[in-house]
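Counting from 1, position 18 in the sequence shown corresponds to residue 128 in the numbering used here; the numbering is continuous, with no gaps.
All C-beta atoms, glycine included, are put in the ideal place defined by N, C-alpha and C.
Being a predicted model, the structure only gives us computed values, none of them experimental.
What follows is a short report on a single structure.
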Amino acid sequence: QVQLVESGGGLVQPGGSLRLSCAASGSIVSINAIAWYTWYRQAPGKERELVARIRAVGSTTYTDSVKGRFTISRDNAKNTVYLQMNGLKPEDTAVYYCYGASGAGGYWGQGTQVTVSS
111 QVQLVESGGG
121 LVQPGGSLRL
131 SCAASGSIVS
141 INAIAWYTWY
151 RQAPGKEREL
161 VARIRAVGST
171 TYTDSVKGRF
181 TISRDNAKNT
191 VYLQMNGLKP
201 EDTAVYYCYG
211 ASGAGGYWGQ
221 GTQVTVSS
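Below is the structure:
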(Lines of atoms letter the chains of each structure in order from A; the text may use other names.)
(Lines give C-alpha, C1' and ligand atoms only; values in the text may rest on other atoms or scores of the structure.)
Protein backbone atom coordinates (compact mmCIF):
# COMPACT_ATOMS: atom_id res chain seq x y z
CA GLN A 111 0.00 0.00 0.00
CA VAL A 112 0.87 3.66 -0.28
CA GLN A 113 0.71 6.46 2.24
CA LEU A 114 0.58 10.08 1.10
CA VAL A 115 1.57 12.83 3.51
CA GLU A 116 1.04 16.49 2.69
CA SER A 117 3.00 19.33 4.25
CA GLY A 118 3.72 22.98 3.68
CA GLY A 119 0.39 24.55 4.50
CA GLY A 120 0.00 27.55 6.76
CA LEU A 121 -1.15 31.13 7.08
CA VAL A 122 -0.03 33.58 4.41
CA GLN A 123 -0.98 37.11 3.43
CA PRO A 124 -2.71 37.82 0.12
CA GLY A 125 -0.15 37.89 -2.66
CA GLY A 126 2.14 35.53 -0.80
CA SER A 127 3.45 32.12 -1.73
CA LEU A 128 3.48 28.61 -0.32
CA ARG A 129 4.83 25.32 -1.59
CA LEU A 130 2.91 22.20 -0.69
CA SER A 131 4.56 18.80 -0.73
CA CYS A 132 3.02 15.35 -1.03
CA ALA A 133 5.40 12.57 -0.09
CA ALA A 134 4.58 8.97 -0.99
CA SER A 135 5.84 6.08 1.10
CA GLY A 136 5.17 2.37 1.28
CA SER A 137 5.33 -0.23 -1.45
CA ILE A 138 7.74 0.88 -4.16
CA VAL A 139 5.85 -1.21 -6.70
CA SER A 140 2.60 0.52 -5.76
CA ILE A 141 4.21 3.96 -5.78
CA ASN A 142 5.65 3.39 -9.24
CA ALA A 143 2.23 2.28 -10.45
CA ILE A 144 0.65 5.64 -9.64
CA ALA A 145 -0.33 7.08 -13.02
CA TRP A 146 -1.14 10.58 -11.89
CA TYR A 147 -1.23 12.78 -8.85
CA THR A 148 -3.90 15.37 -8.21
CA TRP A 149 -4.14 18.22 -5.76
CA TYR A 150 -7.69 18.88 -4.59
CA ARG A 151 -8.95 21.49 -2.18
CA GLN A 152 -12.04 21.89 -0.08
CA ALA A 153 -13.16 25.14 1.44
CA PRO A 154 -15.69 25.28 4.30
CA GLY A 155 -19.19 24.66 3.00
CA LYS A 156 -17.99 23.85 -0.50
CA GLU A 157 -17.40 20.70 -2.48
CA ARG A 158 -13.93 19.34 -3.02
CA GLU A 159 -12.50 20.63 -6.30
CA LEU A 160 -9.61 19.64 -8.51
CA VAL A 161 -6.78 22.18 -8.41
CA ALA A 162 -4.01 20.60 -10.48
CA ARG A 163 -3.00 17.23 -11.90
CA ILE A 164 0.26 15.81 -13.15
CA ARG A 165 0.52 12.59 -15.11
CA ALA A 166 3.36 10.10 -15.21
CA VAL A 167 4.47 11.49 -18.57
CA GLY A 168 4.62 14.95 -17.02
CA SER A 169 1.62 16.60 -18.63
CA THR A 170 -0.36 18.90 -16.36
CA THR A 171 -3.87 20.23 -15.90
CA TYR A 172 -5.06 23.19 -13.85
CA THR A 173 -8.40 24.55 -12.87
CA ASP A 174 -8.97 27.95 -14.46
CA SER A 175 -8.85 29.90 -11.20
CA VAL A 176 -5.22 28.93 -10.50
CA LYS A 177 -3.75 29.02 -14.00
CA GLY A 178 -0.70 31.23 -14.12
CA ARG A 179 -0.38 31.24 -10.32
CA PHE A 180 0.06 27.58 -9.31
CA THR A 181 2.54 25.04 -10.64
CA ILE A 182 2.44 21.31 -10.04
CA SER A 183 5.61 19.26 -10.35
CA ARG A 184 7.00 15.92 -9.29
CA ASP A 185 10.34 14.54 -8.20
CA ASN A 186 10.26 10.84 -8.97
CA ALA A 187 13.55 10.21 -7.17
CA LYS A 188 11.98 11.52 -3.96
CA ASN A 189 8.49 10.13 -4.63
CA THR A 190 7.19 13.62 -3.97
CA VAL A 191 4.76 15.91 -5.74
CA TYR A 192 4.76 19.66 -5.20
CA LEU A 193 2.27 22.46 -5.62
CA GLN A 194 3.93 25.86 -5.85
CA MET A 195 1.31 28.51 -5.11
CA ASN A 196 2.07 32.13 -5.92
CA GLY A 197 -0.13 35.18 -5.84
CA LEU A 198 -2.37 33.62 -3.22
CA LYS A 199 -5.84 35.03 -2.74
CA PRO A 200 -8.29 34.73 0.16
CA GLU A 201 -10.45 32.48 -2.03
CA ASP A 202 -7.58 29.96 -2.13
CA THR A 203 -8.20 29.27 1.56
CA ALA A 204 -9.01 25.58 1.93
CA VAL A 205 -7.73 22.22 3.03
CA TYR A 206 -5.52 20.87 0.26
CA TYR A 207 -5.43 17.15 -0.39
CA CYS A 208 -3.11 15.04 -2.45
CA TYR A 209 -4.50 12.05 -4.36
CA GLY A 210 -2.57 9.38 -6.23
CA ALA A 211 -4.33 7.16 -8.75
CA SER A 212 -3.25 3.84 -10.17
CA GLY A 213 -4.93 0.89 -11.81
CA ALA A 214 -5.14 -0.78 -8.41
CA GLY A 215 -6.94 2.11 -6.78
CA GLY A 216 -6.36 5.54 -5.29
CA TYR A 217 -4.66 6.97 -2.25
CA TRP A 218 -5.56 10.09 -0.30
CA GLY A 219 -3.42 12.15 2.01
CA GLN A 220 -4.75 13.63 5.24
CA GLY A 221 -4.78 17.20 3.96
CA THR A 222 -2.99 20.41 4.85
CA GLN A 223 -4.66 23.71 5.72
CA VAL A 224 -3.91 26.80 3.66
CA THR A 225 -5.25 30.09 4.97
CA VAL A 226 -4.83 33.31 3.02
CA SER A 227 -5.64 36.31 5.15
CA SER A 228 -4.30 39.69 6.13
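- Apart from sequence neighbours up to five positions away, no residue of its chain approaches G215 with a beta-carbon distance below 7 Å.
- Taking a contact as a CB-CB distance under 8 Å, the pair A211 and V224 does not count as one, their CB atoms being some 22 Å apart.
- Beta-bridge pairing by DSSP links Q111 to no other residue.
- For a cut-off of 8 Å, the C-beta gap from Y209 to Y150 is around 6 Å, short enough to register as a contact.
- When Cβ pairs closer than 8 Å are counted between the two stretches, the region 120-137 is seen to touch the region 183-202, the count reaching three or more.
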